[in-house]
Structure formats: C-alpha cells, structure tokens
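Novice: In numbering that gives the first Met the number 0, the protein residues as written are 0 to 402.
Idealized CB from N, CA, C, for every residue including glycine.
Quantities reported herein were computed from a predicted structural model and do not represent experimental measurements.
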Amino acid sequence: MAERKKHESTAVVSVKNVSKSFVLPHEKKTSIKQAFTGMLRSHRRGFEHQQALKNISLEIKKGEFFGILGRNGSGKSTLLKILAGIYQPTSGSVRIEGKLVPFIELGVGFNPELTGRENVYLNGALLGFTRAEIADMYDDIVAFAELERFMDQKLKNYSSGMQVRLAFSVATRAQADVLLIDEVLAVGDADFQKKCFDYFRKLKASNTTVVFVTHDMNAVREYCDRAVLIEDSEVVEIGRASKIASMYTKMFINQDSDDEEQTKNSRWGTKVVTMDNIKTSAKRYTDTHPTVSFSYTLIAHEDVPDAVPGFMIKSTAEQHILGTNSVILKHEPLKMKAGDKITVSFEVPNVFNTGTYVIEPAVIYKNGTEVAEWWEEAKTFDVFKEMKTPYLINPPVTFSVKE
Numbered sequence: 000m001a002e003r004k005k006h007e008s009t010a011v012v013s014v015k016n017v018s019k020s021f022v023l024p025h026e027k028k029t030s031i032k033q034a035f036t037g038m039l040r041s042h043r044r045g046f047e048h049q050q051a052l053k054n055i056s057l058e059i060k061k062g063e064f065f066g067i068l069g070r071n072g073s074g075k076s077t078l079l080k081i082l083a084g085i086y087q088p089t090s091g092s093v094r095i096e097g098k099l100v101p102f103i104e105l106g107v108g109f110n111p112e113l114t115g116r117e118n119v120y121l122n123g124a125l126l127g128f129t130r131a132e133i134a135d136m137y138d139d140i141v142a143f144a145e146l147e148r149f150m151d152q153k154l155k156n157y158s159s160g161m162q163v164r165l166a167f168s169v170a171t172r173a174q175a176d177v178l179l180i181d182e183v184l185a186v187g188d189a190d191f192q193k194k195c196f197d198y199f200r201k202l203k204a205s206n207t208t209v210v211f212v213t214h215d216m217n218a219v220r221e222y223c224d225r226a227v228l229i230e231d232s233e234v235v236e237i238g239r240a241s242k243i244a245s246m247y248t249k250m251f252i253n254q255d256s257d258d259e260e261q262t263k264n265s266r267w268g269t270k271v272v273t274m275d276n277i278k279t280s281a282k283r284y285t286d287t288h289p290t291v292s293f294s295y296t297l298i299a300h301e302d303v304p305d306a307v308p309g310f311m312i313k314s315t316a317e318q319h320i321l322g323t324n325s326v327i328l329k330h331e332p333l334k335m336k337a338g339d340k341i342t343v344s345f346e347v348p349n350v351f352n353t354g355t356y357v358i359e360p361a362v363i364y365k366n367g368t369e370v371a372e373w374w375e376e377a378k379t380f381d382v383f384k385e386m387k388t389p390y391l392i393n394p395p396v397t398f399s400v401k402e
C-alpha cells in the first residue's frame, strides 16, 4: 500500500474545467481515382472534432504520488501532455507550481544521430543544466542507466529499453518539483523497473510530487496516495489509490457486462467445446491462503476425443505470470461426447504479490493444434500480502545460517 502521510494543503497542480478537442480531416477515398480527384476538390473536405477530454478538474498537493488511470483511449495520456505543456487545452486552465519535468514520450529531447554521451549533454541542457553541471553528474547518470559500454554509440543503435534507461537516468537528476511519468517505463526490463521504483521511494521521502500514468495496479497501490479514473474523456472518480485501482480493475474486466458483443469478442475458438461457470475459492487471498484454486465447466457441442483444459494467469498490466494445462500436468486428454458437461479444477500455490490478477481459461484439442475456446479476462482475484516486494511473485522464503 502507498505510504500515507500528510501533504501540504496548497495544490501544486491545479486543473480546472479542462477540455481538449482535436480537429481531424474527415474524408473517405475508396479508389485511386477518388484519391487523385480529391486533390482537386480540397475545398469540399469536411472536418470532425474529436473530444479527448471533457471538463476535467482536479488538484494535486505537494508531495503526493497521484495516479491517472483509464483504459486505452480514455484521455489519460492527453491529460498528461496538457500538464507537460505539449498540448494546450481547448478550454479551461492548468496551473503548475515549481519546476516540472516530463518523462512521457520515448525519444523526446534526444537525437538518434548523436551518441549516448552527446545526448546526455543535449537532454541535460534542455532540462536547464550547464555543461559543467552535466559533467559533474555524468558518471552517476551512466551508472544508473547501466550503459557504460554503449555511451559512444549512436542512439539509433540503442534498443527502446536502452533509450528508456538513458532518458530516465537523466530525468532523475533534474531535481523536479513535479515529475510526470507515462507508461513509457514499461519498455524497460524488470531489473531497471525495480531500480526506477526504488527511486520513486526516495522521491516520496523528499516530498516531490509525481503524476503517474500506468496500467499496473500493483504500482498504483504501492506508491500512489490518490488517483483519478478517467473513462470516455471524463472523470469517473478521484479518491484513495487502492479504491480507484479496484474500480479500474472492474472496468478493465467488466465481468458484469451484459453486452453480448463484448462477451463474444472476449471468447474465441472453434466452439466445439465451450466453458462456463468459472469460480474461484475466494475473492481475496492473503497469507493465510496457501493456494489459489478455481474451477470451470466444459460443455461439448460435438464429439471431441482429446479435450485439454488449461489456463493462464496474468496481471492487470498484461504481464503473464503462469499457465499450464492438464496434459502438461500429466493427465490424459478428456474424451467428450456432444452434450457432455465436465467441471475441472486447478489449484496453484499462492506465490502472488499484492495486487489484482486475471484468469484466462482455455480448452484445446487435436493434439494442441486447435483452440476450442479461449476465454479472455474471464475472472479476477485479489491478493494481499503483509510483506511487500517489487517483484511479480512473492512466495514464502526460508533462510538459515550455518557456522
């Protein structure tokens, strides 16, 4: 859980009635002829207004870690870019107190034709540092990024993960009053993400304000004090981070939806065998639960001599945690006749860290070459562990010393 502490009452980020619309050309060309004749009829082209944000208002206090949550296309990244000054609001106002440093788009402020070393000096200058100041901090920047052997190579030869490491390492030296972070950190590898989150802990201790866009609900619960949930370009709710994270998860999974089209889209396969009635043994698992178990029913619509049930468990950030099937577990495939209903159960050790997890059951056949049905985002469960770690799993660990 995020550390709860008192923050100064004065808002350092204030957003009042902000709306943002984009003007998009609206023209449909269905043939080469239309494409060419369209150049001669440009005055007939129409435009449409796409509203990305609608009347957004919020305040963030000094020292807060504040999460911005929402599904893809909800408007959260647009809001972050308005805070950064990349976009101007169509209406409304934004006020930022203190030095703001955005870390929201990969490659911004970097030149791919320059070396890593040259880009450190370039980006540092954009952040307001003198050349002498950059020289003093250069070794620390490179060490944090773990790119010592690559600094004299051109940036265009870096992987996206290497670019993120270098950019974030420079940003950590900016001594920001307000730091804006988008999902770009997800490009980095697991070890570097851990290093970044360790840095976040230091920021919390130093009373830096951080505005954080992410799909990782574990990070929201661990670091954020409050959060806002945005859906269809509007604020759904602002409140305690753990509450907003739970609201996002329910929206993400949308288990209670009656929309037939969505249900259809979340299940795919040949449908010779389908699944129903997925249940977990608990809604919330703690240290007192040694295992996580769940079951679901297979329904055969045709004769299938080799049905193989299985599952995958992933985080709400789309990280695949584990998965298996009955054949891997050394069971024979199920012989099903049309009309048969069979309930299958799985039990896995509770190695999960604090957070929300998604179960995706599946059934395959024809020696694993065909998917009868894959049920995306079928069920969620929550885990709460007393001991916190920054890793995906949190199994019991024993320690001993021998002299």
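Does DSSP classify K193 as helix, strand or coil?
Specialist: In the sequence shown, the residue the question calls residue 193 occupies position 194. It is helical.
Novice: To the nearest angstrom, report how far apart E147 and K401 are at their CA atoms.
Specialist: The residue you call residue 147 lines up with position 148 of the sequence shown. The residue you call residue 401 lines up with position 402 of the sequence shown. When rounded, the distance between both Cα atoms is 38 Å.
Novice: Here's a check: name, in chain order, each residue in its chain whose Cβ is nearer than 6 Å to the Cβ of V210, leaving out the five neighbours to either side.
Specialist: Numbered from 1 along the sequence shown, position 211 holds the residue referred to as residue 210. Excluding residues within five positions, the ones whose Cβ falls inside 6 Å are F65, L179.
Novice: Under 8 Å, with one C-beta from each stretch per pair, do the segment 168 to 176 and the segment 153 to 160 reach the 3-pair mark?
Specialist: no
Novice: Take V350 and list the residues in its own chain whose beta-carbon comes closer than 7 Å to its own, dropping the five residues that flank it on each side.
Specialist: On the sequence shown, residue 350 is found 351 positions in, with the first residue counted as 1. Here the set comprises I392, N393, P394.
Novice: Any beta carbon of chain C sitting closer than 9 Å to that of D215?
Specialist: Going by chain labels, chain C is absent from the structure shown, which holds only one protein chain.
Novice: Between A78 and C223, what straight-line distance do the alpha-carbon atoms span, to the nearest angstrom?
Specialist: Along the sequence shown, read from residue 1 onward, the residue named residue 78 stands at position 79. Along the sequence shown, read from residue 1 onward, the residue named residue 223 stands at position 224. As written in the sequence, residue 78 is Leu, which differs from the Ala given in the question. Cα to Cα, the separation comes out at about 18 Å.
Novice: How long is the line joining the alpha carbons of K201 and C195, rounded to whole angstroms?
Specialist: Taking the sequence shown and counting its residues from 1, one reaches residue 201 at position 202. Taking the sequence shown and counting its residues from 1, one reaches residue 195 at position 196. Using only the alpha carbons, I get a separation of about 10 Å.
Novice: As a quick exercise: from A144, V100, Q152, I81, pick the residue whose alpha carbon is nearest that of T114.
Specialist: The residue labelled residue 114 in the question sits at position 115 within the sequence shown. Of A144, V100, Q152, I81, the residue nearest in Cα terms is Q152.
Novice: Consult DSSP for A316 and reduce its assignment to one of helix, strand or coil.
Specialist: For the purposes of this step, residue 316 is taken as residue 317 along the sequence shown, with counting starting at 1. Coil, per DSSP.
Novice: Thinking M311 and V272 are a contact (beta carbons under 8 Å), I'd like their distance in whole angstroms, please.
Specialist: As a position in the sequence shown, residue 311 is number 312, starting the count at 1. As a position in the sequence shown, residue 272 is number 273, starting the count at 1. Contact between M311 and V272 is ruled out by a C-beta separation of about 17 Å, above the 8 Å threshold.
Novice: Do the segment 292 to 312 and the segment 336 to 348 meet, that is, are 3 or more Cβ pairs less than 8 Å apart?
Specialist: yes
Novice: Within the continuous beta strand (DSSP E) that includes Y356, where are the two ends?
Specialist: Position 357 of the sequence shown, counting from 1, holds the residue named residue 356. Start and end: 354 to 364.
Novice: Which of helix, strand or coil does DSSP assign to T287?
Specialist: In the sequence shown, the residue the question calls residue 287 occupies position 288. Coil.
Novice: K61 by DSSP, collapsed to three states: which one?
Specialist: Stepping through the sequence shown from its first residue, residue 61 is reached at position 62. Correct three-state label for K61: coil.
Novice: How many Å lie between D302 and A337 at the Cα?
Specialist: Taking the sequence shown and counting its residues from 1, one reaches residue 302 at position 303. Taking the sequence shown and counting its residues from 1, one reaches residue 337 at position 338. C-alpha separation (whole angstroms): 5 Å.
Novice: Using 10 angstroms around the beta-carbon of P289, count the other beta-carbons present and answer buried if the total reaches 16, otherwise exposed.
Specialist: Mapped onto the sequence shown, residue 289 falls at position 290. Only exposed fits P289, as fewer than 16 other CB atoms lie within 10 angstroms of its CB.
Novice: According to the Cβ coordinates, are L126 and R172 closer than 9 Å?
Specialist: Position 127 of the sequence shown, counting from 1, holds the residue named residue 126. Position 173 of the sequence shown, counting from 1, holds the residue named residue 172. R172 is positioned such that its CB atom lies closer than 9 Å to that of L126.
Novice: Keeping to the same chain, check which residues put their C-beta closer than 6 Å to that of M136; ignore five residues upstream and five downstream.
Specialist: Taking the first residue of the sequence shown as position 1, residue 136 is located at position 137. Closer than 6 Å at Cβ, skipping near neighbours: R172.
Novice: Tell me whether the segment 51 to 65 and the segment 13 to 24 touch, counting them as touching only if at least three CB pairs, one residue from each stretch, are closer than 8 Å.
Specialist: yes
Novice: Give me, in chain order, the residues of the same chain whose beta-carbon lies closer than 7 Å to that of T248; leave out the 5 immediate sequence neighbours on both sides.
Specialist: Here residue 248 refers to the residue found at position 249 of the sequence shown. Cβ neighbours of T248 beyond the five flanking positions: M216, T315, T355, T379.
Novice: Using the Cβ count rule (16 or more neighbours within 10 Å means buried), how would you classify Y415?
Specialist: The chain is shown only over 0 to 402; residue 415 falls outside these bounds and no answer can be derived.
Novice: Could you check whether E63 and R225 sit closer than 9 Å to each other, using their CB atoms as the reference points?
Specialist: Position 226 of the sequence shown holds residue 225. Position 64 of the sequence shown holds residue 63. For R225 and E63, yes; Cβs fall inside 9 Å.
Novice: Is the beta carbon of K387 sitting closer than 9 Å to the one on V357?
Specialist: Numbered from its first residue, the sequence shown carries residue 387 at position 388. Numbered from its first residue, the sequence shown carries residue 357 at position 358. No, these two residues do not count as a Cβ contact at 9 Å.
Novice: Starting from V234 and walking both ways along the beta strand (DSSP E), at which residues does that stretch end?
Specialist: In the sequence shown, the residue the question calls residue 234 occupies position 235. Run containing V234: 233 to 239, per the beta strand (DSSP E) assignment.
Novice: What does the alpha-carbon distance come out to for the pair S90 and S18?
Specialist: Your numbering for residue 90 matches position 91 in the sequence shown. Your numbering for residue 18 matches position 19 in the sequence shown. Computed Cα separation, rounded: 5 Å.
Novice: For L136, does the three-state DSSP call read helix, strand or coil?
Specialist: Indexing the sequence shown from 1 puts residue 136 at position 137. In the sequence on display, residue 136 carries Met and not Leu. Looking at M136 - three-state DSSP - the assignment turns out to be helix.
Novice: Going by CA-CA distance only, name the one from A131, D339, R239 that's closest to M274.
Specialist: Within the sequence shown, residue 274 is the residue found at index 275, counting from 1. For M274, the nearest C-alpha among the options comes from D339.
Novice: Indicate the three-state DSSP secondary structure (helix, strand or coil) for H42 in the structure shown.
Specialist: Sequence index remark: in the sequence shown, residue 42 carries index 43 (1-based). The predicted position of H42 is uncertain, since its pLDDT is 49 and thus under 50; a value taken from the coordinates is nonetheless stated next. DSSP places H42 in helix when its eight states are reduced to three.
Novice: Starting from I277, follow the beta strand (DSSP E) in both directions and report where the run begins and ends.
Specialist: Here the question's residue 277 lines up with position 278 in the sequence shown. That run of the beta strand (DSSP E) goes 272 to 279.
Novice: Just reading off the alpha helix (DSSP H) that K340 is part of, what are its end residues?
Specialist: Within the sequence shown, residue 340 is the residue found at index 341, counting from 1. Unbroken run through K340 is the beta strand (DSSP E), 340 to 348; no alpha helix (DSSP H).
Novice: Tell me the DSSP secondary structure of K387 in three-state form.
Specialist: Walking along the sequence shown from the start, residue 387 turns up at place 388. In the structure shown, K387 sits in coil (DSSP, three-state: anything other than H, G, I, E or B).
Novice: Would you list the residues sitting across from M246 in a DSSP beta bridge?
Specialist: Residue 246 sits at position 247 when you count from the first residue of the sequence shown. Answer is none; M246 lacks a bridge partner.
Novice: Is the beta carbon of L99 closer than 9 Å to that of D197?
Specialist: By 1-based counting over the sequence shown, the position of residue 197 is 198. By 1-based counting over the sequence shown, the position of residue 99 is 100. Cβ distance not < 9 Å, so D197 and L99 don't count as in contact.
Novice: Based on DSSP bridge pairs, tell me the residues matched to Y295.
Specialist: Locating residue 295 in the sequence shown gives position 296, counting from the first residue. Note: Y295 sits in a beta bridge opposite V343.
Novice: Could you give the distance in angstroms between the alpha-carbon of I133 and the alpha-carbon of D139?
Specialist: Residue numbering aside, residue 133 sits at position 134 when the sequence shown is read from its first letter. Residue numbering aside, residue 139 sits at position 140 when the sequence shown is read from its first letter. The alpha-carbon of I133 is positioned some 10 Å away from that of D139.
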